[in-house]
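Per my numbering, the sequence shown starts with residue 1256, numbered consecutively.
Note that the Cβ used here is the ideal one computed from N, Cα and C, for glycine as well.
Reading through the structure tokens given below for one structure.
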Amino acid sequence: MTAVHIPGVPVIDAGQLVSTSPATGAEAGRLPVATDADVREAVDRARAAGEWWAGLGFTGRRKRLLRWRALLAERIEQLAELVHVEGGKSVADAIVEIVTAIEHIDWAARNAGRVLGPRRARSRLILAEFSAHLEYQPYGVVGVIGPWNYPVFTPIGSAAYALAAGNAVVLKPSEYTPAVGQWLVDSFAEVVPEQQVFTAVHGLGDVGAALCRSGVDKLAFTGSTATARKVMAACAETLTPVLIEGGGKDAMIVDSDADLDAAAEACVWGGMTNAGQTCIGIERVYAVDAVFDAFVDKVVARAGRLTVGPEGTDIGPITMPTQIDVIRRHIDAAITSGGRAVLGGPSAVQPPYVHPTVLVDVPEESAAVREETFGPTLTISRVRDADEAVSRANALSYGLGGSVFGRRRAVAIARRLRSGMASINSTLTFAGMSTLPFGGVGDSGFGRIHGEDGLREFGRSKAITRRRARSLLPSMTFDRTPTDVARLVKVIKTMYGRNG
Ligand code: NDP
């Protein structure tokens, strides 16, 4: 018997997780739901596979990861179509997402050996008779829990780096996008058929919770801040280290010397790509008084031209039907608290779609300014100057990314934003820069994926000292004499004392 599907809402049907298109309700994927025992078995299998994978060394892994990257590049249209059908995202947005993921696999594969491999560290005078060695060893099995909004980019942002570092990975994709998650692990298995190095377990939130308790050696979570708290609590039971990529409410600041056409173009894309369902999406804009009116006009003109619908449009459906209520509540709250919709508004909410909405004069206390909306909506607020913009941008507990448009002060403003990332005269671009770390502060999480920090996140530092000569100043031994200790005191005062 087949269950009745509400478009987009995943259901469990005869032990299978069934995902459906939020636009049409068409079935997108059907995958077996994992029990607690299945999750533990998957992790046990991954542990054995991980030992084999670690044994391949950086060169062996690099070769295989680059083959996986090539396979994704060759099948990019196929994967984009699946992302589109299962999550509703436009095919063009899906292509951009996959391109970014491919870039990360490539960089992680090519750089893991350099960043994590064994190297000599400098010895200092105080222990000059020892050499120092450092390397980053894999944890073993890394659990990756991912959201639905970027079902390729977010798991790969952790998994590619974890794999390049020599770990096996067990992925729990969002229940909204299990088929995309399975596609990723199946494609990996094509290039690494020997062992199950990268596998997936499917189901609802309880399967994610089981993964936290399954004995994984590290857990990389990307999702909402509320779920992040549960994940941390579960991992605390076994002291399993966690990486948290949480939610955001990213701000864009438009300074008086900004190129307003470029700012409006980037603002509309940064706020409305993927129907606004982007952790680093622009949700709030602070434009200085001198340019506010002209900027708002340009944003409204551009956003008003976006097309909305199931196929070949700029904005697809809202992936999670329940999110529509959040978006509606935020728009209503903005209006009832004195804000105005200069584009869209309450009537823009037409499930499963939300049309572009631009809100102005919204009080800072409003949910539309303070909470993650995750829809194609923007609030634009007038500020006196860049200083006020920065203090308002920094007023929330979230701190993921951000954007600054301007010239003279732009870098200084970007540095003052309380966030892990910022882009100047563009939006979201830091996510595709594989050489840079990605992650937030405050309620947006901690730890970093991407770049060198992202590789180190998935390796344990191993520090080794090795004697290379007799100690001239013996100290770390019971064989030291009172004279040795007195000489040590003299040396330390000479080196580090006030005149040192
Ligand atoms: P959720 O927090 O609802 O879910 C994230 C993942 O956690 C899903 O796989 C979910 O499974 C799983 N999960 C749910 N409950 C538990 C639990 N108790 N223990 C372990 N895992 C659990 O987030 P969404 O999927 O709705 O994703 C949107 C959120 O992700 C937004 O807040 C967005 O900002 C954030 N995000 C952050 C990014 C970043 O890099 N900082 C990037 C992209 C998104 P299931 O789906 O089956 O419930």
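I'd like the list of long-range same chain contacts for A1352, defined as Cβ closer than 6 Å, with 5 residues on each side in sequence excluded.
Stepping through the sequence shown from its first residue, residue 1352 is reached at position 97. The residue asked about is misnamed: residue 1352 is Glu in this sequence, not Ala. Apart from sequence neighbours up to five positions away, the residues of its chain that approach E1352 with a beta-carbon distance below 6 Å are Y1405, V1407 and F1408, ordered along the chain.
V1597: which of M1688, L1337, D1514 and V1555 sits nearest, CA to CA?
By one-based count along the sequence shown, residue 1597 stands at place 342. For the options M1688, L1337, D1514 and V1555, the alpha carbon positioned closest to that of V1597 is the one of V1555.
Candidates K1748, T1628, V1266 and R1322: which alpha carbon is nearest D1505's?
Indexing the sequence shown from 1 puts residue 1505 at position 250. Of the residues K1748, T1628, V1266 and R1322, the one whose Cα lies closest to the Cα of D1505 is T1628.
Hey, S1652 and D1698 are a contact pair by Cβ (cut 8 Å); roughly how many whole angstroms apart?
If you number the sequence shown from 1, residue 1652 lands on position 397. If you number the sequence shown from 1, residue 1698 lands on position 443. About 4 Å separates the beta carbons of S1652 and D1698, which is inside the 8 Å limit, making them a contact pair.
When the Cα atoms are used, what is the spatial distance from I1463 to G1501?
Position 208 of the sequence shown, counted from the start, is the residue given in the question as residue 1463. Position 246 of the sequence shown, counted from the start, is the residue given in the question as residue 1501. The amino acid occupying residue 1463 in the given sequence is Gly; Ile does not appear at that position. So the two alpha carbons sit approximately 15 Å from each other.
Just list the residues that DSSP pairs R1584 with in beta bridges.
By one-based count along the sequence shown, residue 1584 stands at place 329. DSSP, once it has assigned bridges, lists no residue as partnering R1584.
Between M1507 and A1648, what straight-line distance do the alpha-carbon atoms span, to the nearest angstrom?
Within the sequence shown, numbered from 1, the residue matching residue 1507 stands at position 252. Within the sequence shown, numbered from 1, the residue matching residue 1648 stands at position 393. Taking the CA atoms as reference points, M1507 sits about 8 Å from A1648.
Is it true that the stretch 1423-1432 meets the stretch 1449-1456, where meeting means three or more beta-carbon pairs spaced less than 8 Å apart?
They touch, by the three-pair rule.
Report yes if the C-beta of F1476 is less than 8 Å from at least one heavy atom of the ligand NDP; otherwise report no.
Your numbering for residue 1476 matches position 221 in the sequence shown. At least one heavy atom of the ligand NDP is found less than 8 Å from the C-beta of F1476.
May I ask whether a heavy atom of the ligand NDP can be found less than 8 Å away from the beta carbon of V1486?
The residue given as residue 1486 occupies position 231 in the sequence shown. At a cut-off of 8 Å, the beta-carbon of V1486 counts as near the ligand NDP: some heavy atom of the ligand is closer than that.
Among residues of its own chain, excluding the 5 on either side of R1557, which ones have a beta-carbon nearer than 7 Å to its beta-carbon?
On the sequence shown, position 302 is the one that residue 1557 refers to. Only A1519, E1520 and V1523 meet the Cβ criterion.
Between the alpha carbons of E1329 and G1436, how many angstroms are there, rounded?
Here residue 1329 is taken as the residue at index 74 of the sequence shown, counted from 1. Here residue 1436 is taken as the residue at index 181 of the sequence shown, counted from 1. Distance between the alpha carbons of E1329 and G1436 is about 18 Å.
Would you decide whether K1717 is buried or exposed? Buried here means 16 or more other CB atoms lie within 10 Å of its CB.
The residue you call residue 1717 lines up with position 462 of the sequence shown. Counting the other Cβ atoms within 10 Å of the Cβ of K1717 gives fewer than 16, which makes it exposed.
Considering Cα atoms alone, identify which of V1666, L1710, G1599 and D1587 is closest to Y1608.
Position 353 of the sequence shown, counting from 1, holds the residue named residue 1608. Y1608 has its Cα closest to that of G1599, out of V1666, L1710, G1599 and D1587.
Output the residue ranges of the beta strand (DSSP E) runs that lie fully inside the stretch 1271-1332 and measure 3 residues or longer, sorted by chain position.
Fully enclosed beta strand (DSSP E) runs of 3 or longer: 1271-1275 and 1282-1287.
Would you grab the beta carbon distance between A1667 and I1679 for me? Rounded to a whole angstrom, and I think it's under 8 Å.
Position 412 of the sequence shown, counting from 1, holds the residue named residue 1667. Position 424 of the sequence shown, counting from 1, holds the residue named residue 1679. Incorrect: roughly 10 Å between the Cβ atoms, too far for contact.
Taking 6 Å as the limit between beta carbons, can you name the residues of its chain near A1677, skipping five residues before and five after?
Here residue 1677 refers to the residue found at position 422 when the sequence shown is read from its first residue. These residues qualify, in order along the chain: G1657 and A1669.
Which term fits S1646, buried or exposed, when burial requires 16 or more other beta carbons within 10 angstroms of its beta carbon?
Position 391 of the sequence shown, counted from the first residue, corresponds to residue 1646. Result: exposed.
Comparing the CB of G1695 with every heavy atom of the ligand NDP, is any distance shorter than 8 Å?
Taking the first residue of the sequence shown as position 1, residue 1695 is located at position 440. Because some heavy atom of the ligand NDP lies under 8 Å away, the Cβ of G1695 counts as near it: yes.
7 Å CB neighbourhood of R1663 in its chain, flanking five on each side removed
Counting from 1 along the sequence shown, the entry for residue 1663 is found at position 408. Within the same chain, R1663 has close Cβ partners D1512.
On the CB-based measure, 16 or more other CB atoms within 10 Å of its CB, does F1733 come out buried or exposed?
On the sequence shown, position 478 is the one that residue 1733 refers to. By the neighbour-count rule (16 or more Cβ atoms within 10 Å), F1733 is not buried but exposed.
Roughly how many angstroms lie between the CA atoms of P1287 and I1261, to the nearest whole one?
Working through the sequence shown from its first residue, we reach residue 1287 at position 32. Working through the sequence shown from its first residue, we reach residue 1261 at position 6. Spanning the two alpha carbons is a distance of roughly 20 Å.
Considering only heavy atoms of the ligand NDP, does any lie closer than 8 Å to the CB of Y1416?
Here residue 1416 refers to the residue found at position 161 of the sequence shown. For the ligand NDP, not one heavy atom lies less than 8 Å from the Cβ of Y1416.
Cutoff 8 Å; reference I1411; Cβ partners in own chain excluding five residues on either side:
The residue labelled residue 1411 in the question sits at position 156 within the sequence shown. Around I1411: A1356, H1359, I1360 and L1439.
Pick from G1470, A1269, Y1391 and K1485: whose alpha carbon is nearest that of A1756?
Coverage of the chain is limited to positions 1256 through 1755, which leaves residue 1756 absent and any answer about it impossible.
Closest residue to V1615 among I1586, E1626 and V1346 (Cα-Cα distance):
Taking the first residue of the sequence shown as 1, we reach residue 1615 at position 360. Put simply, of I1586, E1626 and V1346 the residue whose alpha carbon is nearest the alpha carbon of V1615 is I1586.
Quick one: does the C-beta of S1689 sit closer than 8 Å to a heavy atom of the ligand NDP?
The residue labelled residue 1689 in the question sits at position 434 within the sequence shown. No, since every heavy atom of the ligand NDP falls outside the 8 Å radius drawn around the Cβ of S1689.
Among the candidates I1267, S1681 and P1448, whose CA atom is the shortest distance from the CA of W1308?
As a first step, residue 1308 must be located in the sequence shown, where it is residue number 53. Considering only alpha carbons, the answer is P1448.
Taking 9 Å as the threshold (C-beta atoms), are P1576 and P1606 in contact?
As a working note, residue 1606 is residue 351 in the sequence shown. As a working note, residue 1576 is residue 321 in the sequence shown. The answer is yes: Cβ separation under 9 Å.
First through last residue of the alpha helix (DSSP H) which encompasses M1688
Numbered from 1 along the sequence shown, position 433 holds the residue referred to as residue 1688. Careful: M1688 lies outside any alpha helix (DSSP H) and carries neither H nor E.
Inspect the beta-carbon positions of V1624 and A1589 and report whether they are closer than 9 Å.
Residue 1624 sits at position 369 when you count from the first residue of the sequence shown. Residue 1589 sits at position 334 when you count from the first residue of the sequence shown. For V1624 and A1589, yes; Cβs fall inside 9 Å.
Taking the alpha-carbon positions, what's the L1320 to K1748 distance?
In the sequence shown, the residue the question calls residue 1320 occupies position 65. In the sequence shown, the residue the question calls residue 1748 occupies position 493. Rounded to the nearest angstrom, the two C-alpha atoms are 52 Å apart.
Going along the chain, which residues of its own chain have a beta-carbon closer than 8 Å to the beta-carbon of M1750, five neighbours each way excluded?
What you label residue 1750 is simply residue 495 of the sequence shown in a count that begins at 1. Excluding positions up to five away in sequence, the list reads L1380 and I1381.
Sort V1273, V1338 and A1297 by Cα distance to E1566 and report the nearest one.
On the sequence shown, position 311 is the one that residue 1566 refers to. Selected option, being the one with the closest Cα: V1338.
Leaving aside the five residues before and after R1703 along the sequence, list all residues of the same chain whose C-beta is less than 7 Å from its C-beta, in chain order.
Taking the sequence shown and counting its residues from 1, one reaches residue 1703 at position 448. Contacts found: P1692, F1693, G1694, G1709 and E1712.
Along the chain, where does the alpha helix (DSSP H) containing E1445 start, and where does it finish?
For this step, residue 1445 is matched to residue 190 along the sequence shown. If you look at E1445, you'll find it in the alpha helix (DSSP H) that goes P1433 to V1446.
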